[in-house]
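Single-structure report; data block below.
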Amino acid sequence: MSSSGGGGVAEEVARLWGELPVRVDWAAVAAQWAAAAAAARAAVVVPAVRALVAVSLAMTVMILAEKLFVAAVCLAVRAFRLRPDRRYKWLPIGAAGAAASSEDDEESGLVAAAAAFPMVLVQIPMFNEREVYKLSIGAACSLDWPSDRVVIQVLDDSTDLVVKVFIVIYFTDISSRIIRSTSSLVIKDLVEKECQKWQGKGVNIKYEVRGNRKGYKAGALKEGLKHDYVKECEYIAMFDADFQPESDFLLRTVPFLVHNSEIALVQTRWKFVNANECLLTRFQEMSLDYHFKYEQEAGSSVYSFFGFNGTAGVWRIAAIDDAGGWKDRTTVEDMDLAVRATLQGWKFVYVGDVKVKSELPSTFKAYRFQQHRWSCGPANLFKKMMVEILENKKVSFWNKIHLWYDFFFVGKIAAHTVTFIYYCFVIPVSVWLPEIEIPLWGVVYVPTVITLCKAVGTPSSFHLVILWVLFENVMSLHRIKAAVTGILEAGRVNEWVVTEKLGDANKTKPDTNGSDAVKVIDVELTTPLIPKLKKRRTRFWDKYHYSEIFVGICIILSGFYDVLYAKKGYYIFLFIQGLAFLIVGFDYIGVCPP
Numbered sequence: 004m005s006s007s008g009g010g011g012v013a014e015e016v017a018r019l020w021g022e023l024p025v026r027v028d029w030a031a032v033a034a035q036w037a038a039a040a041a042a043a044r045a046a047v048v049v050p051a052v053r054a055l056v057a058v059s060l061a062m063t064v065m066i067l068a069e070k071l072f073v074a075a076v077c078l079a080v081r082a083f084r085l086r087p088d089r090r091y092k093w094l095p096i097g098a099a100g101a102a103a104s105s106e107d108d109e110e111s112g113l114v115a116a117a118a119a120f121p122m123v124l125v126q127i128p129m130f131n132e133r134e135v136y137k138l139s140i141g142a143a144c145s146l147d148w149p150s151d152r153v154v155i156q157v158l159d160d161s162t163d164l165v166v167k168v169f170i171v172i173y174f175t176d177i178s179s180r181i182i183r184s185t186s187s188l189v190i191k192d193l194v195e196k197e198c199q200k201w202q203g204k205g206v207n208i209k210y211e212v213r214g215n216r217k218g219y220k221a222g223a224l225k226e227g228l229k230h231d232y233v234k235e236c237e238y239i240a241m242f243d244a245d246f247q248p249e250s251d252f253l254l255r256t257v258p259f260l261v262h263n264s265e266i267a268l269v270q271t272r273w274k275f276v277n278a279n280e281c282l283l284t285r286f287q288e289m290s291l292d293y294h295f296k297y298e299q300e301a302g303s304s305v306y307s308f309f310g311f312n313g314t315a316g317v318w319r320i321a322a323i324d325d326a327g328g329w330k331d332r333t334t335v336e337d338m339d340l341a342v343r344a345t346l347q348g349w350k351f352v353y354v355g356d357v358k359v360k361s362e363l364p365s366t367f368k369a370y371r372f373q374q375h376r377w378s379c380g381p382a383n384l385f386k387k388m389m390v391e392i393l394e395n396k397k398v399s400f401w402n403k404i405h406l407w408y409d410f411f412f413v414g415k416i417a418a419h420t421v422t423f424i425y426y427c428f429v430i431p432v433s434v435w436l437p438e439i440e441i442p443l444w445g446v447v448y449v450p451t452v453i454t455l456c457k458a459v460g461t462p463s464s465f466h467l468v469i470l471w472v473l474f475e476n477v478m479s480l481h482r483i484k485a486a487v488t489g490i491l492e493a494g495r496v497n498e499w500v501v502t503e504k505l506g507d508a509n510k511t512k513p514d515t516n517g518s519d520a521v522k523v524i525d526v527e528l529t530t531p532l533i534p535k536l537k538k539r540r541t542r543f544w545d546k547y548h549y550s551e552i553f554v555g556i557c558i559i560l561s562g563f564y565d566v567l568y569a570k571k572g573y574y575i576f577l578f579i580q581g582l583a584f585l586i587v588g589f590d591y592i593g594v595c596p597p
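Everything in the sequence shown is counted per this note's numbering, starting at 4 for the first residue and increasing by one.
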């Protein structure tokens with residue numbers, strides 16, 4: 004019975020199968036899907052890519068116009084020798100007072116000259132700067148300025164156990180002797196000890212700490228201005244922990260502020276002591292040299308405005324107060340202050356002849372964090388201030404247009420957007436779409452002129468131009484993500500990671516004479532007080548950057564498709580650009596951190 008039942012089921016299935024429509028023609032289905040895909044491509048994909056091509060070409064032309072304008076301005080400045088000291092009044096500090104005295108009264112003349120020196124505050128914000136803290140403190144304390152007319156203020160937000168010896172004590176079997184010894188370690192903090200060393204030499208240096216890191220660098224600078232001794236100061240010179248000003252820095256910059264009441268900021272140029280360390284630092288030097296030699300020079304010469312670089316500059320305290328002080332609403336507190344100050348009518352001057360030594364990040368991780376902050380912050384600030392800029396009544400219409408369009412939109416938004424979308428997306432995608440045609444001038448001529456305009460900043464590295472352009476295209480992936488994050492105020496918009504310094508600028512060896520606090524602690528005390536922390540094991544795949552690897556593979560596949568089918572001639576660019584993404588993706592750029 005079960006057998007007959009089973010046979011009945013089989014017969015029923017066979018009957019139903021026979022009643023089904025004609026068997027599926029998979030070739031026909033594939034043809035239908037292909038037709039649907041072609042229709043969707045023609046109706047959606049191709050128009051979208053054509054729109055991106057048009058937008059990209061328009062932005063590229065905007066950038067070209069901006070680069071040509073900057074080049075023309077800087078050429079005129081050099082041709083007509085329009086140096087800052089020819090556009091603004093500049094006299095050596097103390098010279099006027101000395102000249103007023105009689106020639107035979109030398110002592111009286113010296114007293115008058117010394118009295119002409121204004122009070123200057125030198126701020127050095129720090130955060131776990133063990134490798135470089137001595138550089139900036141030593142350079143600041145060696146500035147040529149009367150000791151009674153300058154205050155060195157070290158703002159230390161350090162939290163690292165190696166830098167600030169805050170030891171967690173487990174109150175179990177620890178004797179009072181050890182507790183007293185531990186308390187004494189706080190005074191022997193490395194940075195504080197360095198400040199005390201200079202105090203012993205007669206330098207007026209203040210070591211300031213606060214109970215939290217609210218506002219990060221902006222918060223530290225704002226807190227530093229609240230001390231009573233700052234009320235006597237007229238100007239502030241600012242240096243990050245890895246910056247080393249020359250001894251005549253104040254003598255060459257402060258006169259612009261003293262003799263020109265409309266000037267709020269004097270910005271100087273950065274000089275990179277480790278530029279030749281690796282290709283990563285060479286590429287950074289090329290980008291930053293153009294920024295200082297051309298962008299900052301042009302902004303200073305035409306509009307008396309540019310973005311404050313956050314260090315190696317001197318501010319008028321009255322201008323900071325007039326602009327509303329330091330704000331921590333973005334990660335670019337320096338640019339925020341500069342924009343608000345210029346909207347109040349203040350002028351800035353860039354002095355390229357004054358150079359301050361500094362260190363470039365030499366690891367890709369540190370550089371990537373820095374670029375995120377430098378790309379996300381301006382976009383976020385633009386969103387917050389775009390209406391305020393247009394509604395401002397204190398600056399001219401052209402200055403507002405420059406600030407809104409040229410400084411922010413072209414320089415901080417379009418430049419990051421078009422680099423990735425055009426060179427790393429539109430051109431590779433156009434290989435797969437025969438309907439998309441990009442004009443030759445947009446692929447070759449305009450990008451070449453833009454590159455040449457930017458490459459003149461560092462003539463000694465001209466042979467690296469092609470590699471530099473490929474690397475800048477790779478970095479555009481991070482910059483566009485950061486810019487979008489800033490505009491949308493999402494995710495890592497307020498992320499602040501201090502740029503890691505390896506101390507390569509001074510090439511000093513670890514101190515072995517017992518001067519560091521780490522060396523003077525008795526090993527019998529450190530063993531029970533500081534438990535040995537287990538070092539996190541780094542897996543080999545953690546160092547890879549998968550976004551770059553994915554984009555690199557896609558671009559290389561587009562290159563192969565161009566060789567085999569499209570025949571558009573983009574494959575050379577696609578192969579080397581894809582390879583550049585893979586090199587960065589597998590972390591073969593920069594130096595390995597110690």
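Ideal Cβ placement from N, Cα and C applies to all residues, glycine included. Since this is a predicted model, take the numbers as computed values, not measurements.
Taking all protein chains shown into account, decide if residue i is buried (16 or more other Cβ within 10 angstroms of its Cβ) or exposed.
i	result
C427	buried
K137	buried
R84	exposed
K70	buried
I430	buried
S179	Caution is warranted here: a pLDDT of 45 is assigned to S179, below 50, making its placement in the model unreliable, and the coordinate value is therefore given only provisionally. So S179 counts as exposed.
R133	buried
F553	exposed
N279	exposed
L473	buried
D525	Summary for D525: the model assigns pLDDT 36, below 50, so the residue's position carries little reliability, and this model does not support an answer.
P364	buried
Ordered along the chain, which non-local residues of its own chain (more than five positions away) have a Cβ less than 6 Å from that of residue i?
i	result
V305	V76
P596	T366
V477	A583, F584, V587
Q598	Outside the shown range of the chain (4 to 597) lies residue 598, about which nothing can therefore be said.
V48	none
V12	none
I439	V52, S433
K209	Q156
Looking at residue j and residue i, is the spacing between their C-beta atoms short of 8 Å?
i	j	result
S463	F423	no
F308	L384	no
L346	V398	yes
H294	R371	no
V52	V432	yes
D315	F410	For the record, residue 315 in the displayed sequence is Ala; it is not Asp. Cβ atoms of A315 and F410: not closer than 8 Å.
M388	V342	yes
L224	P128	yes
R213	E197	no
A267	W349	yes
S250	L146	yes
F578	G555	no
L283	G581	no
A326	A344	yes
Between which residues of its own chain and residue i is the CB-CB distance below 7 Å, once the five residues before and five after are set aside?
i	result
F72	none
L3	The chain is shown only over 4 to 597; residue 3 falls outside these bounds and no answer can be derived.
S59	V421, I424, Y425, V429
K330	A221, E336, D339
Report the CB separation of residue i from residue j in whole angstroms; it is logged as a contact under 8 Å.
i	j	result
C3	L124	The structure shown does not extend to residue 3, since the chain is modelled only from 4 through 597, so no value can be given for it.
V357	F259	Wrong, their Cβ atoms sit about 10 Å apart, outside the cutoff.
A382	G489	3 Å
Y91	N207	With 8 Å as the limit, Y91 and N207 do not qualify as a contact, their Cβ atoms being about 29 Å apart.
V269	V354	6 Å
I96	F130	About 33 Å separates the two Cβ atoms, so there is no contact after all.
L253	W401	Contact flag wrong, Cβ pair sits at about 33 Å.
V2	M65	Outside the displayed range of the chain (4 to 597) lies residue 2, so it cannot be described from this structure.
L467	R285	6 Å
Q373	T162	The Cβ separation is near 20 Å, so there is no contact.
Please return the same chain residues whose Cβ sits closer than 8 Å to the Cβ of residue i, not counting the five positions on each side in sequence.
i	result
K3	Beyond the ends of the chain as shown, which are 4 and 597, falls residue 3; an answer cannot be given.
A569	V434, W435, P437
C379	T334, A485, A486, T488, G489, R495, V496, E498
G205	S150
E211	Q156, V157, L158, D159, E226, G227, H230
Practice task
Please specify which runs of the alpha helix (DSSP H), each continuous and at least 4 residues long, are wholly inside the region 547-576, giving them in chain order.
Solution key: 549-564
Problem - Length-filtered (3 minimum) beta strand (DSSP E) runs lying within the region 408-432 - result: none
Practice task
For the region 249-318, list the beta strand (DSSP E) runs that are entirely contained and at least 3 residues long, ordered along the chain.
Solution key: 266-275
Handout entry: Complete runs of the alpha helix (DSSP H) confined to the region 353-418 [at least 4 residues]
Key = 367-394, 400-404
Handout entry: Secondary structure, alpha helix (DSSP H): runs of 4+ residues fully inside the region 34-104
Key = 49-82, 87-90, 98-103
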